[in-house]
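S.K.: Residue numbers (our numbering), protein chains in the order written: chain A, 1 to 208; chain B, 1 to 208. All C-beta atoms in this analysis are idealised placements derived from N, C-alpha and C, irrespective of residue type, glycine included. Let me give you the structure first, and then I'll get to my questions.
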């Protein structure tokens, strides 16, 4: 098994249930996500359920996660020539779109007002970027034991990351700034948003 | 490129847009299917759209297409020991569930009555089995030029198919019978179902 297929020391889902060139487990889980959203137990109003389906489809599709994956594959070729703007765009698609969906899903279910949606959008945006910067830092700073996979792969591949462009110190400062800013966007929600505040703290404190 | 990744002489989609171990093109197309179904242009009633999403998710998931793929992988190991009932079950999941979805999708969009739905279900069931039996026949009878890929792979692998169990003549007779029976289920629709009748004829006449 390729080390790149490990997550926290265990085989990644798509590796654990793949057979040769085929990945039926991954395909089944993606279908299951849509099935769950479309189920009446998710929300009594079909209009809410179909909105959730539409948002998830966009978040994981060519203009979301898959688009980000394609850009990420191009980034491996371009190496250190990518700008910080291009990397931010890539990461907003690759991981940010799905993180935004989780947050927006709550907005649809709770029928949040426009100002509250905007606050949560800003939270998701900052959280996603902080998450990815820390990912890049852990690839440099983490140990194999902590990460459950070999660190230093991006660096060895000469891949452009937030850390290769900003340097470790500025990258860490930027991640901490984004996590604090993410938490501030939650002010209108009071204590109800404590779990999201904890998530913002976790994202920058995590070691894996 | 492995010959198994050709369709009608051209690279299959998942091969054409794959990168290494990753298949972003396939993932993007699956997401796009759900995005299209959830879009208001598909139907004005969100309840209809969410029903389509739910049906597609089930058709392609662990209890549909992916489940059939898993059984198909097991069939390659079991070889000629599979019963005709087990192969029928496998194929109903692997290709039949998605064919049924296309037919049922029309029922949702047209809000078909229960008797008409039942008639179309029966049509889809027979069409799907006829399609698969012909697939197995073409693997034996087709030429590389017609198929756009090397024939005889199932046989060489000792894989149980409709043809390995029934023999060529009985398999062909069964496919023709199923295609005629499929067309008969369309009687209540009159001329409106002519396209579906043509599909039934095509499925058994095709050479690729």
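1) Just to confirm, is the Cβ distance from residue 163 of chain B to residue 140 of chain B under 8 angstroms?
2) Which class does residue 159 of chain A belong to by DSSP, given the choice of helix, strand or coil?
3) Less than 8 angstroms separating the beta-carbons of residue 47 of chain B and residue 46 of chain A?
4) Please state if the CB of residue 197 of chain A and the CB of residue 186 of chain A are separated by a distance shorter than 8 angstroms.
5) Output yes or no for whether 8 angstroms exceeds the beta carbon distance between residue 170 of chain A and residue 128 of chain A.
6) Would you say residue 58 of chain A lies against chain B (beta-carbon separation less than 8 angstroms)?
7) Using a Cβ-based criterion (distance less than 7 angstroms to any ligand heavy atom), does residue 65 of chain A qualify as near the ligand FAD?
8) If we count the other Cβ atoms within 10 Å of its Cβ and call it buried at 16 or more, is residue 199 of chain B buried or exposed?
9) Should residue 101 of chain B be labelled buried (16 or more other beta-carbon atoms within 10 Å of its own) or exposed?
10) In three-state terms, what does DSSP make of residue 100 of chain A?
11) Could you check what DSSP says for residue 206 of chain A in three-state terms: helix, strand or coil?
12) Report all residues from its chain with a CB closer than 8 angstroms to the CB of residue 115 of chain A; omit the five preceding and five following residues, and keep chain order.
13) Cα separation between residue 94 of chain B and residue 25 of chain B?
14) By DSSP, does residue 82 of chain B sit in helix, in strand, or in coil?
15) Counting only beta-carbon atoms, is residue 32 of chain B nearer than 8 angstroms to chain A?
16) Any beta-carbon of chain A closer than 8 angstroms to the one on residue 39 of chain B?
17) Count the other CB atoms, across all protein chains shown, that sit within 10 Å of the CB of residue 205 of chain A; report buried if there are 16 or more and exposed otherwise.
18) So what's residue 1 of chain A in DSSP terms, helix, strand or just coil?
19) Thinking C-alpha only, which one of B/159, B/193, B/42, B/28 is nearest residue 119 of chain B?
20) Leaving out five residues on either side along the sequence, give the residues of the same chain with a beta carbon under 8 angstroms from the beta carbon of residue 142 of chain B.
21) So, helix, strand or coil for residue 106 of chain A, using DSSP?
22) At which residue ranges does the segment 33-76 of chain A contain complete alpha helix (DSSP H) runs of 4 or more residues, listed in the order of the chain?
23) Would you identify the three-state DSSP class for residue 129 of chain A, choosing helix, strand or coil?
24) Hey, quick one: how far does the alpha helix (DSSP H) through residue 169 of chain B stretch, first residue to last?
25) Identify which residue in B/132, B/126, B/157, B/135 has its Cα closest to the Cα of residue 77 of chain B.
26) For residue 68 of chain A, which residues in the same chain have their Cβ closer than 6 angstroms to its Cβ, ignoring the five residues on either side in sequence?
27) Measure the Cβ-Cβ separation of residue 59 of chain A and residue 97 of chain A and say whether it is below 8 angstroms.
28) Using 10 angstroms around the beta-carbon of residue 41 of chain A, count the other beta-carbons present and answer buried if the total reaches 16, otherwise exposed.
29) Find the nearest neighbour of residue 201 of chain A within the set A/178, A/86, A/105, judged by alpha-carbon distance.
30) According to DSSP, simplified to helix, strand and coil, what is residue 199 of chain B?
31) Could one say the Cβ of residue 96 of chain A lies closer than 8 angstroms to chain B's Cβ atoms, at least one of them?
32) Would residue 52 of chain A and residue 108 of chain A be called neighbours here (beta carbons separated by less than 8 angstroms)?
33) Using CA coordinates, which residue listed in B/136, B/38, B/31, B/35 is at the minimum distance from residue 174 of chain B?
34) Rank A/49, A/63, A/161, A/176 by C-alpha distance to the C-alpha of residue 81 of chain A and give the top, closest one.
35) Within the 8 angstroms Cβ cut-off, does residue 69 of chain B reach chain A?
36) Which residues in the same chain have their Cβ closer than 8 angstroms to the Cβ of residue 99 of chain A, if we skip the five residues on either side of it in sequence?
M.R.: Taking the coordinates as given:
1) Taking the first residue of the second chain as 1, we reach residue 163 of chain B at position 163. Taking the first residue of the second chain as 1, we reach residue 140 of chain B at position 140. With respect to residue 140 of chain B, residue 163 of chain B sits close: the two C-beta atoms are nearer than 8 angstroms.
2) Locating residue 159 of chain A in the first chain gives position 159, counting from the first residue. DSSP places residue 159 of chain A in coil when its eight states are reduced to three.
3) The count along the second chain starts at 1 and reaches residue 47 of chain B at position 47. The count along the first chain starts at 1 and reaches residue 46 of chain A at position 46. Yes, they are a contact pair.
4) For this step, residue 186 of chain A is matched to residue 186 along the first chain. For this step, residue 197 of chain A is matched to residue 197 along the first chain. Their beta carbons are under 8 angstroms apart, which means residue 186 of chain A touches residue 197 of chain A by this criterion.
5) Here residue 170 of chain A corresponds to residue number 170 of the first chain, with the count starting at 1. Here residue 128 of chain A corresponds to residue number 128 of the first chain, with the count starting at 1. Taking 8 angstroms as the cut-off, the beta carbon of residue 170 of chain A is found no closer than this to the beta carbon of residue 128 of chain A.
6) Numbered from 1 along the first chain, position 58 holds the residue referred to as residue 58 of chain A. Yes, residue 58 of chain A lies at the interface with chain B (some Cβ there is under 8 angstroms from its Cβ).
7) The ligand FAD is absent from the structure shown, which contains no ligands of any kind.
8) Along the second chain, read from residue 1 onward, the residue named residue 199 of chain B stands at position 199. Residue environment: residue 199 of chain B is assigned as buried (16 or more neighbouring CB atoms within 10 Å of its CB, all protein chains considered).
9) By 1-based counting over the second chain, the position of residue 101 of chain B is 101. Buried is the label assigned to residue 101 of chain B, since at least 16 other Cβ atoms lie within 10 Å of its Cβ.
10) The sequence position of residue 100 of chain A within the first chain is 100, counting from 1. DSSP places residue 100 of chain A in helix when its eight states are reduced to three.
11) The residue you call residue 206 of chain A lines up with position 206 of the first chain. It is coil, neither helix nor strand.
12) Taking the first chain and counting its residues from 1, one reaches residue 115 of chain A at position 115. So the list reads 188, once near-sequence residues are dropped.
13) For the purposes of this step, residue 94 of chain B is taken as residue 94 along the second chain, with counting starting at 1. For the purposes of this step, residue 25 of chain B is taken as residue 25 along the second chain, with counting starting at 1. Looking at the two C-alpha atoms, the distance is approximately 21 angstroms.
14) In the second chain, residue 82 of chain B corresponds to position 82, counting from 1. DSSP, reduced to helix, strand and coil, places residue 82 of chain B outside both helices and strands of the structure shown, so it counts as coil.
15) Position 32 of the second chain holds residue 32 of chain B. Cβ-Cβ to chain A under 8 angstroms: yes for residue 32 of chain B.
16) Translated into the one-based positions of the second chain, residue 39 of chain B becomes position 39. Closer than 8 angstroms to some Cβ of chain A, the Cβ of residue 39 of chain B qualifies, so yes.
17) For this step, residue 205 of chain A is matched to residue 205 along the first chain. Taking a 10 Å sphere around the C-beta of residue 205 of chain A, we find fewer than 16 other C-beta atoms and assign the residue as exposed.
18) Counting from one through the first chain, the residue named residue 1 of chain A turns up at place 1. Unreliable placement is indicated for residue 1 of chain A, whose pLDDT of 46 sits below 50; the coordinate value is still reported in the next sentence. Coil.
19) Counting from 1 along the second chain, the entry for residue 119 of chain B is found at position 119. For residue 119 of chain B, the nearest C-alpha among the options comes from B/193.
20) As a first step, residue 142 of chain B must be located in the second chain, where it is residue number 142. These residues qualify, in order along the chain: 151, 207, 208.
21) If you number the first chain from 1, residue 106 of chain A lands on position 106. In the structure shown, residue 106 of chain A sits in a helix (DSSP, three-state: H, G or I).
22) Entirely contained in the segment 33-76 of chain A, the alpha helix (DSSP H) runs reaching 4 residues are, in chain order, 46-60.
23) Residue mapping note: residue 129 of chain A aligns to position 129 of the first chain, counting from 1. Note: residue 129 of chain A maps to helix in three-state DSSP.
24) Your numbering for residue 169 of chain B matches position 169 in the second chain. Counting along the chain, the alpha helix (DSSP H) containing residue 169 of chain B begins and ends at 168-184.
25) The residue labelled residue 77 of chain B in the question sits at position 77 within the second chain. Closest option to residue 77 of chain B, Cα to Cα, is B/157.
26) Taking the first residue of the first chain as position 1, residue 68 of chain A is located at position 68. Result list for residue 68 of chain A: 90, 93, 94, in chain order.
27) Your numbering for residue 59 of chain A matches position 59 in the first chain. Your numbering for residue 97 of chain A matches position 97 in the first chain. Remark: C-beta atoms of residue 59 of chain A and residue 97 of chain A approach each other more closely than 8 angstroms.
28) Your numbering for residue 41 of chain A matches position 41 in the first chain. Classification of residue 41 of chain A: exposed, given that the 10 Å Cβ count is below 16.
29) Translated into positions along the first chain, residue 201 of chain A becomes position 201. Among A/178, A/86, A/105, the Cα nearest to that of residue 201 of chain A is on A/178.
30) One-based indexing of the second chain puts residue 199 of chain B at position 199. Correct three-state label for residue 199 of chain B: helix.
31) Translated into the one-based positions of the first chain, residue 96 of chain A becomes position 96. So, not an interface residue.
32) Here residue 52 of chain A refers to the residue found at position 52 when the first chain is read from its first residue. Here residue 108 of chain A refers to the residue found at position 108 when the first chain is read from its first residue. Contact: yes.
33) By 1-based counting over the second chain, the position of residue 174 of chain B is 174. Cα-wise, what sits closest to residue 174 of chain B is B/136.
34) Taking the first chain and counting its residues from 1, the one referred to as residue 81 of chain A is at position 81. Residue A/161 is the option with its Cα nearest to residue 81 of chain A.
35) For the purposes of this step, residue 69 of chain B is taken as residue 69 along the second chain, with counting starting at 1. Answer yes: the Cβ-Cβ gap between residue 69 of chain B and chain A drops below 8 angstroms somewhere.
36) Residue 99 of chain A sits at position 99 when you count from the first residue of the first chain. Setting aside the 5 residues that flank it on each side, residue 99 of chain A is surrounded in the same chain by 124, 127, 128, 131, each with a C-beta closer than 8 angstroms to its C-beta; the list follows chain order.
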